Each structure stands twice: as C-alpha cells, then as structure tokens.
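Peer 1:
Numbering (mature numbering (1 follows the signal peptide of the UniProt record, and there is no 0)), first residue to last: -24 to -1, 1 to 237.
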C-alpha cells in the first residue's frame, strides 16, 4: 500500500486507476464528444464496496492519520450518491473527431468521519471484481458533480488533471467549475471546438509515442506527478493518462490532497 501526499490534486493516482471503461454503459450519447456514463449496476456495486467493513476499517485509519481523531473514534460512514469521474481524453486531445471530451475513469463515493472530515473513495472494476483503488482526502468529486449539475443540469462533469481544472460539458460548451478552470477558459467558458484547440495546443505534442514522450520530457501526456512519501514512481514511470493504463493493479493508494479553488 502506497501513501502519497498530493500537491496538485491530480496526477499519479489518476494515471494509475484509469481503466478500460468496462463499467461504462454503452449508453446512448447525444452525439460525438459526449462521454459515456456508468450503468446503474456499476453504481450499485461501487456503492457496496465503498461502504463494506474492510473499506470502513481502512477509512478509520485514514482519518486518524493526522492525529486529530483516533481510528477507534473516527466511525466513518459513506454518504450521498456515488458519482462518475471523467478525465480529459487523450483521443480528444489528439484530434480524433468523434472522441469524447473525457473518459470515465472511476466512480467516487464520499466518506465522512465523526469529526466531520471527508474523504473520497474511488472504486473501479479490476479483472471482473469491484475494488476500492484509492482514498483521497476531501470531497472534490462529489462537490464538483453537484456544482456541475446545478450549473448545467444533465451535463457531464470532467477534470483536466494536468492543471486540476474541473468543468461541465453543457451541449457544445465547456463551462468552468473552479478557479483553475476559469483561468483556462474564462468565466463564461468556451465552445467545445475552442476547448479542443486549447488542449491540443497545450498537450498535443505530448501524446504517447510523440517525440516529446519518447525523449522523456514530463512523462508525455501524463500530468505532473505527486510526491510519494518515501519515494515512488514519477508520472513518466506511471504512464500516460489513457484508457487501459493501470500502473498499480490491485494496490490501494491513500492520497492527501491540498484543497484547490
């Protein structure tokens, strides 16, 4: 089990747990560039594994890590809906015309300790079995899912992990949900085409297999790595954030991230 302190709320863990989307429903999309959504069965299985006895025990130790509360008194519980988490798609960055803007990476549930501390429990299907693959401090995933639904009901919330920007796709517009996103696309957001041009300019030459990637600069398309306690793989070693990359199969990562706007 690895423990990682997150400095950019993004990075190595995202590369490690982005899967082949086996749990994504082949649901009808409204057209190209619209991300797939998880099935009801996937959401139910994620909810079950996120709140099982083993996970709650791990959560108790996680909440006790900083000494503010003991594991015995943490009494964690999982609350609220499980939400899908989408990450910016490498195919979209690469310019594939019908590529969704983001890919379904994992499902997240929110856990709350007795003292009010919150954590996000990430789960995914691995080799046919649903597992918790990460626990991260805070409730970013649930907060931004709720913010996106409020701003654009029915839209798809997604994250650009390279800069920790959260957005909601509303029709053919990409709208910002946090300050990092506002800095990237402005307070009013941009058209999907304009967003594609921005991310192509920012990351297009860093795709897996590119010269930038082959020469080892910044790990290709992968976001900047966090700093694992006691050392650990860099983003380049973990691999690019693309569907099918699973750098730490079966490992549970405990991440403490700094709150961003």
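Each residue gets a CB set at the ideal place from its N, CA and C atoms; glycine is no exception.
This one's a predicted model, so the numbers in the text were calculated from it and none came from an experiment.
Is DSSP giving residue 12 helix, strand or coil here?
Peer 2: DSSP places residue 12 outside both helix and strand once states are collapsed to three, so it counts as coil.
Peer 1: Can you tell me where the alpha helix (DSSP H) with residue 175 in it begins and where it stops?
Peer 2: Residue range 168 to 179 is occupied by the alpha helix (DSSP H) that includes residue 175.
Peer 1: Write down every uninterrupted run of the beta strand (DSSP E) in the stretch 70 to 105 whose length is 3 residues or greater and which is fully enclosed by it, in chain order.
Peer 2: 78 to 88, 94 to 102
Peer 1: Please classify residue 135 as buried or exposed, where buried requires at least 16 neighbouring CB atoms within 10 angstroms.
Peer 2: Classification for residue 135: buried.
Peer 1: Applying the 10 Å Cβ sphere with the 16-neighbour rule, what's the burial state of residue 124?
Peer 2: The C-beta of residue 124 has 16 or more other C-beta atoms within 10 Å across all chains shown, which makes the residue buried.
Peer 1: State the beta-bridge partners of residue 139 as determined by DSSP.
Peer 2: Residue 139 pairs with nothing; no bridge assigned.
Peer 1: Just to confirm, are residue 170 and residue 150 a CB contact at a threshold of 9 Å?
Peer 2: Remark: C-beta atoms of residue 170 and residue 150 approach each other more closely than 9 Å.
Peer 1: Using CA atoms only, rank isn't needed, just tell me which of 172, 146, 138, 147 is closest to residue 156.
Peer 2: The option with the nearest alpha carbon to residue 156 is 138.
Peer 1: Give me the Cα-Cα distance between residue 35 and residue 178, rounded to the nearest whole angstrom.
Peer 2: 37 Å
Peer 1: Taking all protein chains shown into account, do 16 or more other C-beta atoms lie within 10 angstroms of the C-beta of residue 49, making it buried, or fewer, making it exposed?
Peer 2: exposed
Peer 1: Alpha carbons only, please: which of 174, 70, 22 is nearest the one belonging to residue 101?
Peer 2: 22
Peer 1: On the premise that residue 176 lies in contact with residue 71, defined as a C-beta separation below 8 Å, what is that separation, rounded to the nearest angstrom?
Peer 2: 6 Å
Peer 1: Exposed or buried, which one is residue 66 when buried takes at least 16 other CB atoms within 10 Å?
Peer 2: buried
Peer 1: CB-CB under 7 Å to residue 148, same chain, minus the five flanking residues each way: which ones, in chain order?
Peer 2: 167, 168
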